[in-house]
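S.K.:
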Amino acid sequence: MVPKISTLGGYIFEYQKSVTNPTGFWSNIAESFYWRKKWDDILEWDFSKGHVQWFKGAKLNITENIFERHLFFRGNQAAIIWEPNNPNEQHKTLTYNELFVEVNRFAAVLTRLGIKKGDRVAIYLPMVPELVVAMLACARIGAVHSVIFAGFSAQSLGERIQDAGAKLLITSDGGFRGSKTIPIKQIADEAMSNCHCVSTAIVLKRTGEDIPMTSGRDIWWHELVNEQETNYHATEMDAEDPLFILYTSGSTGKPKGLVHSTGGYMVYTAYTFKNVFQYGDGDIYFCSADIGWITGHSYLVYGPLLSGATSLMFEGIPTWPDAGRFWDIIDKHQVNQFYTAPTAIRSLMALGLEWLDNKKLHSLKVLGTVGEPINEAAWHWYHDHIGKNRCPIVDTWWQTETGGIMISPMAGITPTKPSYATMPLMGIQPMIVDQEGKPLLGNSVEGNLCISYPWPGMARTIWGDHDRFVKTYFSTYPNMYFTGDGVKRDEDGYYRILGRVDDVINVSGHRLGTAEIENAINEHPLVDESAVVGFPHPIKGQGIYAFVVCTHFSTGGVEGIRNSIMMAVSNMIGPFAKPDKIQIVTGLPKTRSGKIMRRILLKIAEGKTSDFGDTTTLLDPDIVQEIVKGAHAL
Ligand code: WT7
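Its first residue numbered 1080, the sequence shown is counted upward by one per residue in the working numbering.
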């Protein structure tokens, strides 16, 4: 059993152990898992080369640690509770035994289709249990899954499929989301028509609508599954073999396919899940994140299932049929731990307390948040109205790259402070540095957040581009992993995440590179150039503000061009990346050397009309006043 810390003294003691003897600490945790062969070496690392290996030489299959390790005791316990989009549709429960059978069946299907260890499989599915089955079946046969969030456009899906060189795509006819039906297969078809690596598509029937099936390529999921195939012998994997690829945005270039390992990721997600949420036997745990993001991978699928937990997955959205839906689900299934994003809390808070009438919420023990800074008002609302002042809140800071939670309270153990992620978890060695990379030691400091020592859950590379991995994360500050976040350590040694210090924005917990949005906008034939910045948004955390230079628009006027820019972004990335504000300008504030002065645009986007600092290097200082005027009129 993975050890669980239960007191503050225990945390302090274990933390000390974990940083003075990290290899001893992690090998002890790793002993709780089932390895076909134990490691030859616990850790090998060299940050200057972006080289990190944990449990080298060990052999395992992660699904044996989910199933075989638990079936004897937990075979009849629910592994997944699935709550459909429509509350009138029957929910589903899959016990560990039942999920195991489905995973084995689907592993046999993948093998029959010629998928082998190391092959990449792209998954583009809505939030249905088959998504979990597909991921675990890949893991069982040693294929590398790449789940793509079903809100991404055909273009984004195609790019990701192509980048990973996936042979197979697993998708569905459509998906339900609130009152909408999403044409998943149509988007998948468009994506596949532009990338030729995919030879087969497995299509799950979810909405039942009429869709075209391309013969020789598309096959229905239900026609492939053979009821007899209930046992598939798991493929032996090396601890360092890739488990999955997950794409995320950075400040420059195309999205990066972060690669996560098998052994280290397993140990880290299971350990952090159990300790942060203080999960206990029989608890019902509900993570509202989509599996298309890292939170869903680590804390809906792998962490909970590796811990023998019951993990609730929800197909729909928090505001449909009404804004009480989360709370109904919590009461209906007697949820004990609930994990969601600040943006969801803020949007529900804005809709008023009447949606909490008649909701009991008695079962709740722990509340969690993730993905963006939580402001104090939202923290208090969550604490008072959802947690009824008795549930600790775990504000968990981490990233796609870190694989698991890094800085967070452990529920009920670490004393909390609103909007503070509080303290590093075991084995995590944060280092705050100034712009020059000088470590800022002691308390009451503010700077850039780095991690100075490896942890088992960290990403190992960027798919197909290790140099970019080294450059992005390990070259800003020598011998440290650079997170891209600003942070404050207060007088008590508590950490508060201040947000990104690079050109990444966080919109409703979705991570987007400003360059990515600019590229999409610049595709528009009437656009000369553009600059995108984030601005404070009361619900989304950050909104997207686009300054767009276009000199030749005529048809449709300003409104027409705004709408077509929105469409362009929606088509290139996905509807969630649509700008909140588009200001058409005649030029951008640039230095004489042609560099856009983003800090000025950031201030204008925030609503400032003066005090732009030193503008003497600007090529055309008048443009600033013109943009300010236009912003005011927007
Ligand atoms: C970025 C990572 C980690 C799962 C979801 C997001 C921001 C994440 C917090 C938090 C303040 C947070 C950071 C980070 N972030 N959690 N508790 N408080 N900011 O993963 O898409 O890789 O985004 O999200 O800026 O760098 P992601």
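Don't be surprised by glycine CBs; every beta carbon is placed ideally from N, CA and C.
Based on DSSP bridge pairs, tell me the residues matched to Gly1622.
M.R.: DSSP output for Gly1622 lists Phe1614 as bridge partner(s).
S.K.: From Val1512, Thr1479, Asp1474, Met1510, pick the residue whose C-alpha is nearest to that of Pro1494; which is it?
M.R.: The shortest C-alpha separation from Pro1494 is found at Asp1474.
S.K.: Within 8 Å, do at least three Cβ pairs link the stretch 1550–1570 to the stretch 1402–1411?
M.R.: Counting Cβ pairs under 8 Å, fewer than three are found: no touch.
S.K.: Whose C-beta lies closer than 7 Å to the C-beta of Ala1349 among residues of the same chain, with five residues either side of it excluded?
M.R.: Cβ neighbours of Ala1349 beyond the five flanking positions: Val1081, Gly1382, Leu1385, Ser1386.
S.K.: Among Ser1390, Lys1353, His1149, Lys1096, which one has its Cα closest to the Cα of Cys1366?
M.R.: Per the Cα distances, Ser1390.
S.K.: Is Pro1452 near ligand 3 - that is, is its Cβ less than 6 Å away from at least one heavy atom of it?
M.R.: For ligand 3, the structure offers nothing, since it holds only ligand 1.
S.K.: Let me check understanding here. Comparing Cα to Cα, which of Ser1127, Ile1249, Pro1208, Ile1661 lies closest to Val1380?
M.R.: Cα-wise, what sits closest to Val1380 is Pro1208.
S.K.: Does at least one heavy atom of ligand 1 sit under 6 Å from the Cβ of Asp1268?
M.R.: Not so, every heavy atom of ligand 1 lies at least 6 Å from the Cβ.
S.K.: Going by alpha carbons, who is nearest to Val1606 out of Gly1592, Val1627, Arg1590?
M.R.: Val1606 has its Cα closest to that of Val1627, out of Gly1592, Val1627, Arg1590.
S.K.: Once the 5 residues before and after Pro1658 are set aside, which same chain residues still bring their CB inside 6 Å of it?
M.R.: Closer than 6 Å at Cβ, skipping near neighbours: Ile1623, Ala1625.
S.K.: According to the Cβ coordinates, are Phe1104 and Lys1116 closer than 7 Å?
M.R.: Not closer than 7 Å, so no.
S.K.: Who pairs with Leu1446 in a beta bridge, going by DSSP?
M.R.: Answer is Phe1417, Ile1472, bridged to Leu1446.
S.K.: Would a C-beta distance cut-off of 7 Å place Trp1118 and Phe1134 closer than the cut-off?
M.R.: Cβ distance < 7 Å, so Trp1118 and Phe1134 count as in contact.
S.K.: Quick one: what's Pro1321 bridged to in DSSP?
M.R.: Note: Pro1321 sits in a beta bridge opposite Ser1340.
S.K.: Taking the beta carbon of Pro1299 as the centre, do at least 16 other beta carbons fall within 10 Å, making it buried, or is it exposed?
M.R.: Per the sequence shown, the amino acid found at residue 1299 is Trp instead of Pro. Answer is exposed; the Cβ neighbour count stays below 16.
S.K.: Confirm the yes/no value for this check: CB of Arg1579, any heavy atom of ligand 1, distance under 6 Å.
M.R.: Arg1579: yes, Cβ under 6 Å from ligand 1.
S.K.: Since Gly1482 and Met1537 should fall inside the 8 Å C-beta cutoff, what is the C-beta to C-beta distance between them, to a whole number of angstroms?
M.R.: Correct: roughly 6 Å between the Cβ atoms.
S.K.: Could you compute how far the alpha carbon of Pro1101 sits from the alpha carbon of Gly1506?
M.R.: Whole-angstrom Cα-Cα distance: 6 Å.
S.K.: With DSSP as the reference, please indicate the residues paired to Pro1123 in a beta bridge.
M.R.: The displayed chain sequence assigns Glu, not Pro, to residue 1123. Bridge partners of Glu1123: Gln1132.
S.K.: Identify whether Leu1384 lies in helix, strand or coil by the three-state DSSP scheme.
M.R.: Helix at Leu1384.
S.K.: Taking Met1660 as the reference, which of Thr1670, Pro1400, Ile1683, Arg1677 has the closest Cα?
M.R.: The residue you asked about is not Met; residue 1660 is Lys in the sequence shown. Considering only alpha carbons, the answer is Ile1683.
S.K.: Taking His1589 as the reference, give the member of Cys1217, Thr1374, Tyr1358 with the closest Cα.
M.R.: That would be Thr1374, whose Cα lies nearest to the Cα of His1589.
S.K.: Short check: CB of Leu1443 to CB of Cys1470, under 7 Å?
M.R.: In contact: Leu1443 and Cys1470 (Cβ atoms closer than 7 Å).
S.K.: Between Leu1652 and Ile1600, what straight-line distance do the alpha-carbon atoms span, to the nearest angstrom?
M.R.: As written in the sequence, residue 1652 is Ile, which differs from the Leu given in the question. Each residue's Cα considered, the two are about 10 Å apart.
S.K.: Does the stretch 1281–1291 come close enough to the stretch 1413–1424 that 3 or more CB-CB pairs lie under 8 Å?
M.R.: The stretch 1413–1424 vs the stretch 1281–1291: no contact.
S.K.: Can you give the beta carbon distance from Ala1245 to Ser1232, rounded, assuming they're within the 8 Å contact cut?
M.R.: Actually they do not touch by this definition, with Cβ atoms about 17 Å apart.
S.K.: Using a threshold of 6 Å, is the CB atom of Arg1590 nearer than that to any non-hydrogen atom of ligand 1?
M.R.: It does: the Cβ of Arg1590 is within 6 Å (strictly closer) of some heavy atom of ligand 1.
S.K.: Tell whether a beta-carbon distance below 7 Å holds between Ile1249 and Ala1213.
M.R.: Contact flag set, yes.
S.K.: What's the C-alpha gap between Glu1288 and Ile1121?
M.R.: Their Cα atoms are separated by approximately 51 Å.
S.K.: What did DSSP end up calling Leu1152 once you bin it into helix, strand or coil?
M.R.: For the sequence presented, residue 1152 should be read as Phe rather than Leu. Of the three classes helix, strand and coil, the one that applies to Phe1152 here is helix, per DSSP.
S.K.: Given a cut-off of 7 Å on the beta-carbon distance, is the pair Gln1768 and Val1449 in contact?
M.R.: Only positions 1080 to 1713 of the chain appear in the structure, and residue 1768 is not among them; the question remains open.
S.K.: From this set, Lys1619, Ser1643, Val1566, Ile1145, which residue's C-alpha is nearest His1603's C-alpha?
M.R.: Nearest of Lys1619, Ser1643, Val1566, Ile1145 to His1603, Cα basis: Ser1643.
S.K.: Rounded to a whole number of angstroms, what is the C-alpha to C-alpha distance between Leu1303 and Val1211?
M.R.: Taking the straight line joining both Cα atoms gives about 17 Å.
S.K.: Who are the near neighbours of Glu1319 in its chain, counting only those whose CB is closer than 6 Å to its CB and skipping five residues on each side?
M.R.: Gln1132, Ser1340, listed in sequence order.
S.K.: Check the C-beta distance from Gly1395 over to Phe1255 and give it rounded, since I have them as a contact under 8 Å.
M.R.: At roughly 7 Å, the Cβ-Cβ gap stays under 8 Å, so Gly1395 and Phe1255 are in contact.
S.K.: What did DSSP end up calling Ile1492 once you bin it into helix, strand or coil?
M.R.: Reduced to three states, the DSSP call for Ile1492 is coil.
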